[in-house]
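Our numbering runs 86 ahead of the 1-based position in the sequence shown.
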Amino acid sequence: MFSAIRDMTSAAIGLVVGIVVAIAACVLVYEGLPFGLVDGRVDTERQAAREGYVREARAIAAEAKAAELQRQLEAGRKALAGYADLLTAAQKAETLASDQLEKRISDYEAQLAAAGRSCLLDSHDLDWLRQ
């Protein structure tokens, strides 16, 4: 009788241990072994999350690069507009200076002509003298 009880207890303990081992094995296979032997749900989700982070980081980097290029383009446009304004101002100043010089030359020639000391040489005369 004790033998039958002992056999039944051993069988029950064996059954419980077998069930616990089977459940543990299923959980380890499903969740993944920490040694990388089996890729389970956790490893698959972790890898998918990493891929998502990589995609998101690449998208953020591309957006930042596009924003930086846009900023540089706008800065270049502003600098070009500034240089165009400077060029226009320099050309106006040069034109004004040239006009003033021409006026001074014509006034001086008028003074010389009024004093009877005008120079009657032209470019052909100067070319003849150089020969």
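For every residue, glycine included, the Cβ atom is placed at its ideal position computed from N, Cα and C.
This one's a predicted model, so the numbers in the text were calculated from it and none came from an experiment.
Report the rounded CA-to-CA distance for Thr-174 versus Lys-189, giving the unit in angstroms. For this step, residue 174 is matched to residue 88 along the sequence shown. For this step, residue 189 is matched to residue 103 along the sequence shown. If you take the alpha carbons of Thr-174 and Lys-189, they lie about 22 Å apart.
Where Ala-170 and Arg-157 are concerned, what is the direct C-alpha to C-alpha distance, given to the nearest angstrom? As a working note, residue 170 is residue 84 in the sequence shown. As a working note, residue 157 is residue 71 in the sequence shown. Using only the alpha carbons, I get a separation of about 20 Å.
Just to confirm, is the Cβ distance from Ser-204 to Leu-198 under 8 Å? By one-based count along the sequence shown, residue 204 stands at place 118. By one-based count along the sequence shown, residue 198 stands at place 112. In contact: Ser-204 and Leu-198 (Cβ atoms closer than 8 Å).
Rounded to whole angstroms, what's the CA-CA distance from Gln-222 to Ala-161? Just pull it up for me. Limits of the chain in this structure are 87 at one end and 217 at the other, which puts residue 222 out of reach.
Through-space distance from Ala-200 to Arg-163, alpha-carbon basis: For the purposes of this step, residue 163 is taken as the residue at position 77 of the sequence shown. For the purposes of this step, residue 200 is taken as the residue at position 114 of the sequence shown. Approximately 55 Å, taken between the alpha carbons.
Looking at the unbroken alpha helix (DSSP H) that takes in Leu-212, where does it start and where does it end? If you number the sequence shown from 1, residue 212 lands on position 126. Residues 209-216.
Identify whether Leu-166 lies in helix, strand or coil by the three-state DSSP scheme. Taking the sequence shown and counting its residues from 1, the one referred to as residue 166 is at position 80. Leu-166 falls in the helix class under three-state DSSP.
Check Cys-112 in the structure and name its three-state DSSP category. The residue you call residue 112 lines up with position 26 of the sequence shown. DSSP places Cys-112 in helix when its eight states are reduced to three.
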